[in-house]
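The listed protein sequences correspond, in order, to chains A and B. So the first sequence is numbered by UniProt numbering: it starts at 1 and just counts up by one. So the second sequence is numbered by UniProt numbering: it starts at 1 and just counts up by one. In this text, a Cβ means the ideal position worked out from N, Cα and C, and glycines have one as well. A short write-up of the structure that comes next.
There are 2 protein chains.
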Amino acid sequence: MRILHHLPLSPQSRLVRLLLGEKRLPCELVFEKIWEKNEAFQALNPAGEVPVLVEDSGQIVPGASVIAEYLEDVYPETILMGRTIAERVEVRRLLDWFDRLFQDEVSVNLLGEKVEKRLFGVGQPDGNVLRIGYKNLRFHLDYIGYLAETRTWLAGPSLSAADFAAAAHLSALDFLGDINWAHAPSVRDWYARVKSRPCFRPLLADKISGFTPSAHYADLDF
Amino acid sequence: MRILHHLPLSPQSRLVRLLLGEKRLPCELVFEKIWEKNEAFQALNPAGEVPVLVEDSGQIVPGASVIAEYLEDVYPETILMGRTIAERVEVRRLLDWFDRLFQDEVSVNLLGEKVEKRLFGVGQPDGNVLRIGYKNLRFHLDYIGYLAETRTWLAGPSLSAADFAAAAHLSALDFLGDINWAHAPSVRDWYARVKSRPCFRPLLADKISGFTPSAHYADLDF
Chain A
1 MRILHHLPLS PQSRLVRLLL GEKRLPCELV FEKIWEKNEA FQALNPAGEV
51 PVLVEDSGQI VPGASVIAEY LEDVYPETIL MGRTIAERVE VRRLLDWFDR
101 LFQDEVSVNL LGEKVEKRLF GVGQPDGNVL RIGYKNLRFH LDYIGYLAET
151 RTWLAGPSLS AADFAAAAHL SALDFLGDIN WAHAPSVRDW YARVKSRPCF
201 RPLLADKISG FTPSAHYADL DF
Chain B
1 MRILHHLPLS PQSRLVRLLL GEKRLPCELV FEKIWEKNEA FQALNPAGEV
51 PVLVEDSGQI VPGASVIAEY LEDVYPETIL MGRTIAERVE VRRLLDWFDR
101 LFQDEVSVNL LGEKVEKRLF GVGQPDGNVL RIGYKNLRFH LDYIGYLAET
151 RTWLAGPSLS AADFAAAAHL SALDFLGDIN WAHAPSVRDW YARVKSRPCF
201 RPLLADKISG FTPSAHYADL DF
């Protein structure tokens, strides 16, 4: 069975779970304590990060963006990286946007402080860092809202990996109750559509030791 | 004529210049003062970053990793992203390594302090940040050296975008004189091979107002 080394609140791991689910590729999840820096995992991914996909063939694929491209190369039956050259550019632009900008400006500040610090055992969240994260989140919600209002899906006419990348980050923040949906109605409408995909169900059923999901986290009508 | 909006000491811009050169795709360079945040450029790339490629067709392609995939999709005559699935995974893993890890751990600390701060007019380099950058650089040179010693090229048997990504970062640092080649002989041997490619010549001839290259920067026998 295909194996995904992951962490439940890692947006990059969530993205890959959504891509695998949408492409109907079953996988077994392995909760990877990356902070223990064990050698077997470092050998799978010298960067020491989740997600890492290990195929039955033995092919090791480390990193969300690498896995997204790999899955499209090897399992192209469900297209998630765009159908035309222009769509592929836009899907990849947004994947990169969420992988670097949203990650550095929002997720590192909020998930890093609230989740990683607890998992890694390195102290309490820093209020100043959280404030920066919330401020940046508002800017990013405006941008996602702009995309959602002007297009059917974030990257254009088709559901794509860009939608799952955005939803992966937002779902982890929503688990923590960090998203004020009332202030971002067009993002909520788009997110409700992504959240209702069958591939999303396993994420909504996640039980994570030490963390309690927000009241509406698993609610499809939030 | 194809246009590349760039900055001469941006490793991401350098990577794209090398890819275009290796694929023999001519382009006109536009020096982009991203710190002025002008609206025309923000429209090309909402992230406000270089590089951005604009094709004669009007296709806009923002971001180095997006451009690398785009060039391989559209101009596959010279293969730089790997020939097999396993090679493609390894090339992309290393592109991601340099785009995120090397960038955040080394280039932000050294190029960010020495180059960006001067261009952006926001003060002097912080010695503590530089020290962190130099310490991380030693770790990364060890890793590049390990790859260079165990493989023909960094990602495997063929020259690939991974070599150009690594060389793009190292060449910008080498311009500043930040690389102690005597301490990294196997990296030096590999870099000498990349540096002697015809696509590298325009980078070695760069004249950059306000910055003087290290004595050996353009020397192929350093």
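In chain B, which residues lie less than 9 Å from residue i when you measure between Cβ atoms?
i, result
"tyrosine 70 of chain A", "Ile85, Arg88, Val89 and Arg92"
"glutamine 59 of chain A", "Ile85, Ala86 and Val89"
Per the DSSP calculation, residue i is bridged to which residue(s)?
i, result
"residue 223 of chain A", "The structure shown does not extend to residue 223 of chain A, since chain A is modelled only from 1 through 222, so no value can be given for it."
"glutamate 28 of chain A", "A/Ile3"
"proline 62 of chain A", "A/Val52"
"isoleucine 85 of chain B", "None, per the DSSP bridge assignment."
So which residues of chain B does residue i contact, with C-beta pairs closer than 7 Å?
i, result
"leucine 101 of chain A", "Ala47"
"serine 13 of chain A", "Chain B residues near serine 13 of chain A: none, gap ~15 Å exceeds 7 Å."
"proline 62 of chain A", "Arg93"
"aspartate 73 of chain A", "Ile85 and Arg88"
I need the straight-line Cα distance from residue i to residue j, nearest angstrom please.
i, j, result
"alanine 215 of chain A", "aspartate 206 of chain A", "14 Å"
"leucine 154 of chain B", "asparagine 45 of chain B", "30 Å"
"threonine 152 of chain B", "valine 16 of chain B", "22 Å"
"leucine 94 of chain A", "alanine 165 of chain A", "8 Å"
"valine 30 of chain B", "leucine 203 of chain B", "14 Å"
"glycine 123 of chain B", "phenylalanine 211 of chain B", "16 Å"
"arginine 201 of chain B", "aspartate 178 of chain B", "20 Å"
"glutamate 113 of chain A", "glycine 121 of chain A", "11 Å"
"isoleucine 132 of chain A", "leucine 173 of chain A", "15 Å"
"alanine 167 of chain A", "proline 11 of chain B", "30 Å"
"proline 185 of chain A", "leucine 19 of chain B", "42 Å"
"serine 197 of chain A", "isoleucine 3 of chain A", "Sequence inspection shows arginine at residue 197 of chain A; the serine mentioned does not correspond to that position. So the two alpha carbons sit approximately 22 Å from each other."
"proline 8 of chain A", "serine 209 of chain A", "10 Å"
"leucine 176 of chain A", "histidine 169 of chain A", "11 Å"
"asparagine 180 of chain B", "arginine 138 of chain B", "9 Å"
"lysine 117 of chain A", "alanine 43 of chain A", "24 Å"
"valine 187 of chain B", "arginine 88 of chain A", "35 Å"
"glutamate 55 of chain A", "valine 54 of chain B", "38 Å"
"glycine 156 of chain A", "tyrosine 143 of chain A", "14 Å"
"threonine 78 of chain A", "cysteine 199 of chain A", "13 Å"
"residue 251 of chain B", "threonine 84 of chain A", "This structure does not reach residue 251 of chain B, given that chain B is present from 1 up to 222, and the question cannot be answered."
"lysine 23 of chain A", "lysine 33 of chain B", "42 Å"
"aspartate 163 of chain A", "threonine 150 of chain B", "39 Å"
"phenylalanine 102 of chain A", "serine 171 of chain A", "13 Å"
"alanine 218 of chain B", "leucine 80 of chain B", "24 Å"
"glutamine 59 of chain B", "tyrosine 70 of chain B", "10 Å"
"proline 125 of chain A", "asparagine 38 of chain A", "26 Å"
"alanine 192 of chain B", "glycine 145 of chain B", "13 Å"
"histidine 6 of chain A", "methionine 1 of chain B", "45 Å"
"tryptophan 35 of chain A", "leucine 25 of chain B", "44 Å"
"residue 245 of chain B", "glutamate 28 of chain A", "Examination of residue 245 of chain B is not possible in this model, given that chain B is present from 1 through 222 alone."
"glycine 21 of chain B", "proline 213 of chain B", "22 Å"
"glutamate 72 of chain B", "alanine 182 of chain B", "35 Å"
"valine 115 of chain B", "tyrosine 134 of chain A", "30 Å"
"phenylalanine 222 of chain A", "leucine 119 of chain A", "28 Å"
Assuming residue i contacts residue j (C-beta within less than 8 Å), just tell me the rounded distance between them.
i, j, result
"lysine 195 of chain B", "leucine 159 of chain B", "Their Cβ separation, rounded to whole angstroms, is 13 Å, which puts lysine 195 of chain B and leucine 159 of chain B out of contact at 8 Å."
"serine 57 of chain B", "aspartate 99 of chain B", "Not quite, the Cβ-Cβ distance comes to about 26 Å (not below 8 Å), so this is no contact."
"valine 91 of chain A", "glycine 82 of chain A", "4 Å"
"alanine 68 of chain B", "alanine 161 of chain B", "5 Å"
"alanine 47 of chain B", "proline 62 of chain B", "7 Å"
"leucine 130 of chain B", "leucine 110 of chain B", "6 Å"
"proline 50 of chain A", "serine 107 of chain A", "What sits at residue 50 of chain A in the sequence shown is valine, not proline. Between serine 107 of chain A and valine 50 of chain A the Cβ distance is about 14 Å, and since that is not below 8 Å, they are no contact."
"alanine 148 of chain B", "tryptophan 190 of chain B", "4 Å"
"asparagine 128 of chain B", "glutamate 105 of chain B", "The Cβ separation is near 15 Å, so there is no contact."
What does residue i reach in chain A if we use C-beta pairs closer than 8 Å?
i, result
"valine 66 of chain B", "Val89, Arg92, Arg93 and Asp96"
Can you confirm whether residue i, when its beta carbon is compared against all beta carbons of chain C, has any partner nearer than 8 Å?
i, result
"valine 194 of chain B", "Of the protein chains in this structure, namely A and B, none is chain C."
Every unbroken alpha helix (DSSP H) inside the UniProt domain "GST C-terminal" (84-214) of chain A [4 residues or more]
85-96, 108-111, 117-120, 127-150, 161-175, 185-195 and 201-204
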